[in-house]
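Below you'll find the structure, written out as structure tokens, and then a few comments.
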Amino acid sequence: MTTVISPQEVAKHNTKDDLWCIIHGKVYDLTNFVEEHPGGVRVILKQAGKDATSAFEPIHPPDIINRYLSPDVCKGEIDVTATLGQAEEAETDEEKRLRLARENMPSIQEMYNAFDFESVAKTVLRPEAWAYYSSGSDDEISMRENHNAFHRIWLKPRVMVDVKNIDMTTHMLGTQTAFPLYITGTALGKLGHPEGELVLTRSAAETNIIQMIPTLASCSFDEIVDAALKTQTQWLQLYVNSDREITKAFINHAEKRGIKGLFITVDAPQLGRREKDMRVKYSDDAPEEMEQKDVSRNEGAARYISTFIDPSLNWNDLKWFKSITKVPIILKGVQTAADSVQAFRYGCQGVVLSNHGGRQLDFAPSGIEILPEVMDALHKEKGFNGENFEVYVDGGIRRGSDIFKALALGASGVGIGRPVLFAMSTYGEAGVTRLIQLLQEELAMHMRLMGAKSIKDIKADMVDIRNLKDHFVTNPIDHLSHSAYERMVPRGLLPSKL
Numbered sequence: 001m002t003t004v005i006s007p008q009e010v011a012k013h014n015t016k017d018d019l020w021c022i023i024h025g026k027v028y029d030l031t032n033f034v035e036e037h038p039g040g041v042r043v044i045l046k047q048a049g050k051d052a053t054s055a056f057e058p059i060h061p062p063d064i065i066n067r068y069l070s071p072d073v074c075k076g077e078i079d080v081t082a083t084l085g086q087a088e089e090a091e092t093d094e095e096k097r098l099r100l101a102r103e104n105m106p107s108i109q110e111m112y113n114a115f116d117f118e119s120v121a122k123t124v125l126r127p128e129a130w131a132y133y134s135s136g137s138d139d140e141i142s143m144r145e146n147h148n149a150f151h152r153i154w155l156k157p158r159v160m161v162d163v164k165n166i167d168m169t170t171h172m173l174g175t176q177t178a179f180p181l182y183i184t185g186t187a188l189g190k191l192g193h194p195e196g197e198l199v200l201t202r203s204a205a206e207t208n209i210i211q212m213i214p215t216l217a218s219c220s221f222d223e224i225v226d227a228a229l230k231t232q233t234q235w236l237q238l239y240v241n242s243d244r245e246i247t248k249a250f251i252n253h254a255e256k257r258g259i260k261g262l263f264i265t266v267d268a269p270q271l272g273r274r275e276k277d278m279r280v281k282y283s284d285d286a287p288e289e290m291e292q293k294d295v296s297r298n299e300g301a302a303r304y305i306s307t308f309i310d311p312s313l314n315w316n317d318l319k320w321f322k323s324i325t326k327v328p329i330i331l332k333g334v335q336t337a338a339d340s341v342q343a344f345r346y347g348c349q350g351v352v353l354s355n356h357g358g359r360q361l362d363f364a365p366s367g368i369e370i371l372p373e374v375m376d377a378l379h380k381e382k383g384f385n386g387e388n389f390e391v392y393v394d395g396g397i398r399r400g401s402d403i404f405k406a407l408a409l410g411a412s413g414v415g416i417g418r419p420v421l422f423a424m425s426t427y428g429e430a431g432v433t434r435l436i437q438l439l440q441e442e443l444a445m446h447m448r449l450m451g452a453k454s455i456k457d458i459k460a461d462m463v464d465i466r467n468l469k470d471h472f473v474t475n476p477i478d479h480l481s482h483s484a485y486e487r488m489v490p491r492g493l494l495p496s497k498l
């Protein structure tokens, strides 16, 4: 028989040595877990004796407690009748600001590009959500360079081509898709929308593109797969766990559920320093019980997702991965031609040229910059034919012209992350769908104006890359990108909290 516990009883257990909290209507004793919490002690202490659902939900899949903690930690269910009599907390100034911002959002019909969604998202997201989604590593040079690099590629249009009918369909890892764009794996979807990654699943189905499911989604893996249509293709982004048995079980389960591509993230043996995210850690005072020596304020929300990742991952591990799954293996986060060739030689089915959205190593090159040298190196490899090894690019894709340029230089397709998060955070499923349709329409326009009737007609001689590696060449100012970007500000120039 289930034990029913009153909110008053839960409130008594509000110290580090005796800590209960409520999550989704159930009461948990987290006393023995406090010191092990990946996000630090302070985060749990703030919720001691309280309902922690609103803090828990955006950054944890719903099944995480059952997967990692003993059933004994659940003390019972909260007495719902008792909670109904509690007075609602007054709306804070920040909550009022966010409510008014959402009430006064522009019409979705006024969203004409990815930067429109980003600029609105900045006004309606909670500070911690905006900081997590928008931040890059260190000085955010690589993050900005990801988009800027596309400006150093110019187009060479061909005319007098019959482009009445355009075919944008293509195949990626054997799946036919509406056009060569996929939603890449991004963590913590519920920071931006209550339904999190399920929004992206539905929009991917509606627009017939592929969704990559992140290891660190706010929704559980099975929730996301269950939300997909039977005809829908999904890939899995994998952070390799230090406990390889956990990784093996996850891969095997994903394969049984029909995942068509395993994208192993290889650029995160250690978390990058994302200072915008880190600075949000200082926005709230720690509980009085906490002493300074106990407070770890190093990574902000990103800390939650870094502690289990195996820094010993290396090339020799690929033999093991190939022994436990038949799903195509792609390395995500490759940043040199040499490593791309190495991936081909080790029998991978492809790579994603990516610097993790500029969130790991600052001054790592953009994927689009290294794409030409990667393709040149691969074409010199015996056995490479352009079909048995696929090259993808993510980072900085904001326009249909960016997609066109990547395809011209040899990419099989491109991934987008932040743009869909901003669209989801503002207008939900309708926003994501509109964003994808805008990119599709822009690509169609560029194909017509460039004289390319189909994806296979997009060739390298249609682009001029002479300035691609020149980081000091003068480019026209991209006012949209510059206006949407939130500049980093040193602490001395930030407003005082006094």
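Numbered per our numbering, the sequence shown spans residues 1 to 498.
By construction, the Cβ of each residue, glycine as well, lies at the ideal position given by its N, Cα and C atoms.
Only a predicted model underlies this, so the values are computations on that prediction, with no experimental measurement involved.
- For His193, same chain residues with a beta-carbon under 7 Å away, outside a window of 5 residues either side, are Val199, Met424, Ser425 and Gly428 in chain order.
- When only Cα atoms are considered, Ala452 and Asn316 end up about 42 Å apart.
- DSSP places Phe150 within a helical segment (H, G or I) once states are collapsed to three.
- The alpha-carbon of His356 is positioned some 46 Å away from that of Val4.
- Secondary structure note for Lys256: its alpha helix (DSSP H) is the uninterrupted segment Arg244 to Lys256.
- Within the model, the alpha-carbon separation for Leu229 versus Pro62 is close to 21 Å.
- For Trp235, the three-state secondary structure derived from DSSP is strand.
- In this structure Val352 is in contact with Phe263, their Cβ atoms being roughly 6 Å apart against a cut-off of 8 Å.
- Straight through space, the alpha carbons of Ala101 and Thr92 are spaced by roughly 14 Å.
- Residue Gly25 holds the alpha-carbon nearest to the alpha-carbon of Thr81 among Val463, Gly25 and Arg487.
- Nearest to Pro106 by C-alpha distance, out of Gly333, Met172, Val124 and Ala90, is Val124.
- Counted as a single uninterrupted DSSP element, the alpha helix (DSSP H) harbouring Gln440 occupies residues Arg418 to Met450.
- Taking 7 Å as the cut-off, the beta carbon of Phe150 is found no closer than this to the beta carbon of Asp470.
- Residues Ile251, Asn252, Glu255 and Leu262 of the same chain have their beta carbon placed closer than 8 Å to that of Thr325, with the five preceding and five following residues left out of the count.
- Relative to the Cα of Glu77, the nearest Cα in the group Pro7, Ile259, Trp235 and Tyr346 belongs to Pro7.
- For Asp394, the enclosing beta strand (DSSP E) covers residues Glu390 to Asp394.
- Closest option to Ser134, judged by alpha-carbon separation, among Asn66, Asp277, Arg202 and Thr184: Asp277.
- Annotation: Glu390 to Asp267 spans about 18 Å, alpha carbon to alpha carbon.
- In this structure the stretch 402–412 does not lie against the stretch 112–119, because fewer than three pairs of beta carbons, one per stretch, are closer than 8 Å.
- In terms of Cβ geometry, Ala204 and Ile224 do not form a close pair [threshold 7 Å].
- A residue is called buried when at least 16 other Cβ atoms come within 10 angstroms of its Cβ; Gly347 does not meet this threshold and is exposed.
- Between Gln211 and Gln234, the C-beta gap is smaller than 7 Å, which places the two residues in contact.
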